[in-house]
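Q: Chains as they are written, first to last, in full-length UniProt numbering: chain A, 1 to 304; chain B, 1 to 371.
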């Protein structure tokens, strides 16, 4: 049953792609939620995460090896380091702009993106860096359907991270504060919530998730380079918009939808893989035209 | 400035009808080496110049050509059309009796007319654009195979491996798409099946391609673009459970491919220009080159070495340095062989045989494959 195998393979591919998109889209959506900023530097934070993860893996591989243990420790190191980088970016570049017009802070985000990209460019000379692990190419094979161990672990890790985030946002004090800040910042200040700290924590978590995605992508695809964040950043942004920007569940859903869409779209006969990006941006336009709030987004209600 | 003065002097001499006298006074044979020794491709150009120098030294040590020593003049083309025309004019005015070289096709193109007007024999050693063929007035000979030859080499190889259904994956740029088109056309004309895929440059996720390759049950995959994305593709093909033949074009012949593909590049085949380390005949050439210049010969050095030897052979065969006679002798080359294999030309003055060699990935490096 080749058709069934192809169908299942497309689901597996879509899950892998969707996990990356969702993890990055979460950062977009959370940051937009608390400070209404489309953080276009987020894709580059993902790229920095991949490089930090690469460096961390070469540091720890002496002790823990370059297999799963080493990789998970590298992911953790990268999440912590890049999480704090996110906080620094927020403090240096965005905090002073918070009361400026929306357009100014958007342009600042583009500037941060350029700084990160060109920083990586000058450090690596624009070369591809091979991301070596000892994970091998094993997997489960059912006829023409092939599910690699790496794909399984990757999707599972992404799922665990997302469940943890959902728990954090809905059950903890800072999670509640985060939701409150996204609704009304001034009222939160009046009620004694430390808004700056909440914003910092949002950047910390969003950047850490992007770093995890970057490190996993590096290990999965095997090479990283300074420009890897650009396109995937735009796609994650699209995923956030599809799900309804500002909505955490929406970002996860949007990421998965986008991954599935690309994976199945390219399986249509006569449509080759070079059309992959076309699906993403066509759906972005469609969503913006017909349902600008996205699938799970709420329309803004002006309250008097 | 010095060159300018010489050019001026030569022009005056030509104007006075003394060019015959100038040539007759020479007790050595002047050969122009048209390679980019400055500019972006300077390292390749210097390698090529060194190889020609090595060939000239060997010839001179054996008594020269027609009893005269070979003397080389550097015509730096800088990989730039304008500069290469100036350099060509300069070489002509200094009375060269033949030219070897030609690295960047774009820079070689306008020099065809300069040398063509004088009827001078020109052995093109590295430029291989098929666009050079219609522009050739008949005095230039290409000893590096063209993209058409690479596609033929590829098709022959896949045929010999019993491949029936072939997946050809390119990147949409002119080099990779041209090679893919040529190969697909040839493969289909032989009654086989082709699965075509194009991927975007810089794309990291090839899962759609891998899935198409798997669901079409192809026997071999041919990647026609460059190593950076090729490494990712190879890795993901193996990671996605594809176990059959993978081959890559000369744009992927790089040690970096192994870095990026990791263990997945083991057993991958590559079609390549004849680089010295894989030419069985070039062992002593490499040794001499290292002794003389303290480094490895670059990828095009063997071709330029052969280019000079071929020109010298044609002069010996013609028994004179008269350009028309030497051009005729070149056209009659019949399996003359030095480092890169036997040289015979087609009616279009391109190499009759494909000089592409096949490499195979083994222990993280390319090795010569007898396939």
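Idealized CB from N, CA, C, for every residue including glycine.
1. Can you give me the C-alpha to C-alpha distance between residue 304 of chain A and residue 292 of chain A, rounded to a whole angstrom?
2. Give the straight-line distance between the Cα atoms of residue 182 of chain A and residue 173 of chain A, rounded to the nearest whole angstrom.
3. Should residue 118 of chain A be flagged as near chain B, meaning a C-beta pair shorter than 8 Å?
4. If we ignore side chains and look at the alpha-carbon of each, how far apart do residue 116 of chain A and residue 45 of chain A end up?
5. Could you tell me whether any Cβ in chain A is nearer than 8 Å to the Cβ of residue 235 of chain B?
6. Below 9 Å between beta carbons is the criterion; list the residues of the stretch 301–326 of chain B that meet it against any residue of chain A, in chain order.
7. Which bits of chain B does residue 227 of chain A rub up against, with CB to CB less than 7 Å?
8. Along the chain, where does the alpha helix (DSSP H) containing residue 372 of chain B start, and where does it finish?
9. Who pairs with residue 362 of chain B in a beta bridge, going by DSSP?
10. What first and last residue would you give for the alpha helix (DSSP H) that runs through residue 57 of chain B?
11. Select from B/369, B/201, B/345 the residue whose C-alpha is nearest the C-alpha of residue 145 of chain B.
12. Please tell me whether residue 250 of chain A and residue 286 of chain A are closer than 8 Å, where the distance is taken between their beta carbons.
13. Could you give the DSSP three-state label for residue 304 of chain B: helix, strand or coil?
14. Does any CB atom of chain B fall closer than 8 Å to the CB of residue 291 of chain A?
15. Do you know how far the Cα of residue 200 of chain B is from the Cα of residue 283 of chain A?
16. Between the C-alpha atoms of residue 104 of chain A and residue 93 of chain A, what's the straight-line distance to the nearest angstrom?
17. Given a cut-off of 8 Å on the beta-carbon distance, is the pair residue 86 of chain A and residue 203 of chain A in contact?
18. Could you work out which residues of chain B lie near residue 219 of chain A, taking near to mean beta carbons separated by less than 9 Å?
19. Under 8 Å, do residue 436 of chain B and residue 274 of chain B count as touching if we go by C-beta distance?
20. Which one of B/256, B/114, B/215 has the shortest CA to CA distance from residue 234 of chain B?
21. Any C-beta of chain A sitting closer than 8 Å to the C-beta of residue 246 of chain B?
22. Give me the residue from B/43, B/123, B/204, B/268 with the minimum Cα distance to residue 129 of chain A.
23. May I have the straight-line CA-CA distance separating residue 57 of chain A from residue 66 of chain A, to the nearest angstrom?
24. Against chain B, which members of the stretch 257–269 of chain A pass a CB distance test of less than 9 Å?
25. Leaving out five residues before and five after residue 263 of chain A in sequence, what residues of the same chain have Cβ atoms less than 7 Å from its Cβ?
26. What does the alpha-carbon distance come out to for the pair residue 36 of chain A and residue 169 of chain A?
27. So, with DSSP's three-state summary, where would you put residue 372 of chain B?
28. Pick helix, strand or coil for residue 353 of chain B, following the three-state DSSP scheme.
29. Going along chain A, which residues have a C-beta under 8 Å from residue 198 of chain B?
30. Less than 6 Å between C-beta atoms, sequence neighbours within five positions excluded: which residues of the same chain meet that for residue 263 of chain B?
31. Is the Cβ-Cβ distance between residue 176 of chain B and residue 225 of chain B less than 8 Å?
32. Sort A/177, A/60, A/73, A/50 by Cα distance to residue 198 of chain A and report the nearest one.
33. Are the C-beta atoms of residue 25 of chain B and some chain A residue less than 8 Å apart?
34. In chain B, which residues lie less than 9 Å from residue 95 of chain A when you measure between Cβ atoms?
35. In chain A, what lies closer than 7 Å to residue 228 of chain B by C-beta?
36. Within its chain, find whatever has a CB closer than 8 Å to the CB of residue 363 of chain B; leave out the 5 residues flanking it on each side and keep chain order.
A: Looking at the coordinates:
1. In this predicted model, residue 304 of chain A has a pLDDT of only 46, less than 50, meaning its place in the structure is not dependable; the value taken from the coordinates is given anyway. Cα to Cα, residue 304 of chain A sits roughly 23 Å from residue 292 of chain A.
2. Straight across, the Cα-Cα distance linking residue 182 of chain A with residue 173 of chain A is about 14 Å.
3. no
4. A direct Cα-Cα distance of roughly 8 Å separates residue 116 of chain A from residue 45 of chain A.
5. yes
6. none
7. What residue 227 of chain A touches in chain B: 202.
8. Examination of residue 372 of chain B is not possible in this model, given that chain B is present from 1 through 371 alone.
9. B/365
10. Counting along the chain, residue 57 of chain B sits inside the alpha helix (DSSP H) bounded by residues 42–61.
11. B/345
12. Their beta carbons are not under 8 Å apart, which means residue 250 of chain A does not touch residue 286 of chain A by this criterion.
13. helix
14. No, residue 291 of chain A does not count as interfacial toward chain B.
15. 19 Å
16. 11 Å
17. yes
18. Within 9 Å Cβ-Cβ: nothing; residue 219 of chain A doesn't reach chain B, min ~11 Å.
19. A question about residue 436 of chain B goes unanswered here, because the residues of chain B that appear run from 1 up to 371.
20. B/256
21. no
22. B/204
23. 7 Å
24. 262, 263, 265, 266, 267
25. 10, 13, 14, 17
26. Taken atom to atom, the span from the alpha-carbon of residue 36 of chain A to that of residue 169 of chain A is near 18 Å.
27. Shown here, chain B extends from 1 to 371; a query on residue 372 of chain B therefore has no answer.
28. Three-state result, residue 353 of chain B: coil.
29. 272, 273, 274
30. none
31. yes
32. A/177
33. Summary for residue 25 of chain B: the model assigns pLDDT 46, below 50, so the residue's position carries little reliability; its value from the coordinates is reported in the next sentence. So no, residue 25 of chain B is outside the interface.
34. Ordered by position in chain B, no residue passes the 9 Å Cβ test against residue 95 of chain A, which lies about 33 Å from the chain.
35. 128
36. 266
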